[in-house]
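Just below is one structure, and these are the notes that go with it.
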Amino acid sequence: MSRPLVAHIDLAALAHNLSVARRLAGTARIMAVIKANGYGHGMLRVARGLRKADGFAVLGLEEAAALRAEGYTHPILLLEGFFHPDELPEIARRRLMPVIHREDQVDALSRAKLDHKVDVFLKVNTGMHRLGLPMPRFRDVLFKLRALPQVGAITVMSHFARADEPDIGVAHQLAAFRQATAGLDLPVSLANSAALMGYPETQGEWVRPGIMLYGASPRAGDTGEDAGLLPVMTLTSRLIAVQFVRKGEGVGYGAAFVASRDMRVGIVACGYADGYPRHAGTGTPVLIDGHPGRTVGRVSMDMLHVDLSDAPTAHVGSTVTLWGPGLPVEHVASAAGTISYELLTALAPRVPVQEY
Ligand SMILES: *Cc1c(COP(=O)(O)O)cnc(C)c1O
2 MSRPLVAHID LAALAHNLSV ARRLAGTARI MAVIKANGYG HGMLRVARGL
52 RKADGFAVLG LEEAAALRAE GYTHPILLLE GFFHPDELPE IARRRLMPVI
102 HREDQVDALS RAKLDHKVDV FLKVNTGMHR LGLPMPRFRD VLFKLRALPQ
152 VGAITVMSHF ARADEPDIGV AHQLAAFRQA TAGLDLPVSL ANSAALMGYP
202 ETQGEWVRPG IMLYGASPRA GDTGEDAGLL PVMTLTSRLI AVQFVRKGEG
252 VGYGAAFVAS RDMRVGIVAC GYADGYPRHA GTGTPVLIDG HPGRTVGRVS
302 MDMLHVDLSD APTAHVGSTV TLWGPGLPVE HVASAAGTIS YELLTALAPR
352 VPVQEY
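The sequence shown begins at 2 in my numbering and counts up one residue at a time.
Given below as structure tokens:
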């Protein structure tokens, strides 16, 4: 028998979550964000589950080329634009849409010899201060871009820094965006998952949901389930050993957990080299044969330990769910001081995937 750790990917859950996004998006088109290997689920696999989306967003040319090679004809947005002018002929030939976020990219476009016009998303920085033109330069750059024969349709976009924080939200950045784009009649793309779920006024022509499509909530304290989403990834393993630990004895590296009474401890084939967070300390939730349980001690490279005090029938071979239906990945993330995005995208290549 092989190592029992498996990531199960539920393609029907992806399609369900897309339909939730569709309902929230109104008339806006959906650019399904599948960067970072489809948030750890496998980019081509999730593209298949999300083929009814109106477009796909990835970081760059390589991912987009892989999608085109599989026959996807959807609009594809390159979230980091292009890095070098050499990429432009292929971007044009493959009909990809780069995000233009720096002025020198406009100059590169103006010098490029292209077979087709390139549709672009022009990004303005409205307060996130990551990618995007400074507000005072936005109009000049837009007019320059519009005048270029190399450029086709232009969509204006921005990205929210705090849409996931109920007390703060999008108001400030949305006002800045409206000011920057006042009087322009151009399609707009603003909303990530948090904005799509919380602020219908951000809809525009294209929404860009990511995390919600994978069934997790962008908001701290919430779970995807609360919003009617279904978890796409279930990470399961099995007990590969059971230890009897006496009161006062330690478990695992550093004896980070010491038994306060005699107890049984289960050893699970899943560790930080699989993508399980090492910072998840004693008390991180798990399901043992479907029943709530907890980890004890430090996560090691290939294994972790679970408390079997409340699972008297658990034995070598018992199933342990690390996250999935009934155990939101958000809860594991918060126990580890991080967010669901990080756990999902960290799934290690060595973990076998089963889709259903
Ligand atoms: C990653 C990303 C998204 C998707 O964000 P979620 O929080 O996963 O919905 C949308 N827009 C941009 C620019 C991004 O980088």
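Where is the CB? At the ideal position from N, CA and C, for every residue including glycine.
The structure displayed is predicted, hence computed values, not measured ones.
Cut-off 6 Å between Cβ atoms - residues of its own chain near residue i, not counting five sequence neighbours on either side
i, result
"His280", "Ala337 and Gly338"
"Leu51", "Leu15, Leu19 and Ala33"
"Thr346", "Ala37, Tyr40 and Gly41"
"Glu250", "Ala260"
"Phe178", "Thr127 and Ser159"
Spatial distance of residue i from residue j (CA atoms)
i, j, result
"Ala58", "Pro188", "17 Å"
"Ala48", "Gly39", "8 Å"
"Thr296", "Glu64", "37 Å"
"Val243", "Gly318", "10 Å"
"Met302", "Cys271", "8 Å"
"Ser1", "Ile212", "Here the chain comprises residues numbered 2 to 357, so residue 1 is not present and cannot be evaluated."
"His316", "Gly291", "13 Å"
"Ala234", "Gly216", "Reading off the sequence, residue 234 comes out as Met, not Ala. If you take the alpha carbons of Met234 and Gly216, they lie about 8 Å apart."
"Leu132", "Pro150", "25 Å"
"His9", "Pro76", "28 Å"
"Arg163", "Gln174", "9 Å"
"Ala22", "Ala13", "14 Å"
"Leu197", "Gln180", "21 Å"
"Thr283", "Arg265", "15 Å"
"Pro353", "Gly325", "16 Å"
"Leu78", "Ala66", "12 Å"
"Asp311", "Thr285", "15 Å"
"Gly255", "Pro5", "26 Å"
"Arg147", "Ala172", "29 Å"
"Gly43", "Pro219", "20 Å"
"Ala113", "Glu104", "15 Å"
"Met129", "Glu71", "34 Å"
Contacts around residue i, its chain only, beta-carbon distance under 8 Å, and the 5 residues preceding and following it disregarded
i, result
"Asp263", "Phe245, Val246, Arg247 and Lys248"
"Glu206", "Ala29, Arg30, Thr156, Pro188, Val189 and Ser190"
"Ala274", "Met302, Asp303, Ala349 and Arg351"
"Phe83", "Gly61, Leu62, Leu89, Ile92, Pro99, Gln106 and Ala109"
"Glu343", "Pro278 and Ala334"
Expected contact under 8 Å - CB spacing of residue i and residue j to nearest Å
i, j, result
"Thr237", "Thr320", "6 Å"
"Glu81", "Gly61", "6 Å"
"Pro232", "Gly222", "With a Cβ gap of about 17 Å, Pro232 and Gly222 do not count as contacting."
"Leu372", "Leu89", "The requested residue 372 is not part of the displayed model; the chain covers only 2 to 357."
"Tyr357", "Asp11", "6 Å"
"Val287", "Gly294", "5 Å"
Per-residue burial, residue i [other beta carbons within 10 Å of its own, 16 or more giving buried]
i, result
"Phe161", "buried"
"Leu185", "exposed"
"Gln355", "exposed"
"Thr314", "exposed"
"Ile169", "exposed"
"Phe122", "buried"
"His102", "buried"
"Pro135", "exposed"
"Pro201", "exposed"
"Ala192", "buried"
"Pro167", "exposed"
"Asp87", "exposed"
"Asp227", "exposed"
Nearest candidate by alpha-carbon position, reference residue i, set the options
i, options, result
"Pro137", "Val125, Arg46 and Asp108", "Val125"
"Asp120", "Ala312, Leu143, Thr285 and Phe258", "Leu143"
"Thr74", "His85, Pro86, Asp87 and Gly56", "Gly56"
"Leu240", "Phe178, Gln204, Val171 and Val307", "Val307"
"Gly327", "Leu230, Phe83, Leu348 and Phe178", "Leu230"
"Ala176", "Thr127, Met198 and Tyr277", "Thr127"
"Gln204", "Leu12, Pro5, Asp11 and Ala26", "Ala26"
"Gly267", "Arg95, Thr322 and Tyr200", "Thr322"
"Leu214", "Pro5, Gly72, Ser341 and Phe83", "Ser341"
"Pro210", "Arg94, Phe139 and Ala54", "Ala54"
"Leu97", "Lys145, Glu104 and Asp116", "Asp116"
"Val7", "Arg24, Gly276 and Phe139", "Gly276"
Own chain residues within Cβ distance below 7 Å of residue i, not counting five before or after
i, result
"Lys118", "Gln151, Val152 and Gly153"
"Gly298", "Val252, Gly253, Ala257, Phe258, Thr283 and His306"
Check: residue i C-beta below 7 Å from any heavy atom of ligand 3
i, result
"Ser341", "Because ligand 3 does not appear in the structure shown, any question about it cannot be addressed here, the ligands present being ligand 1."
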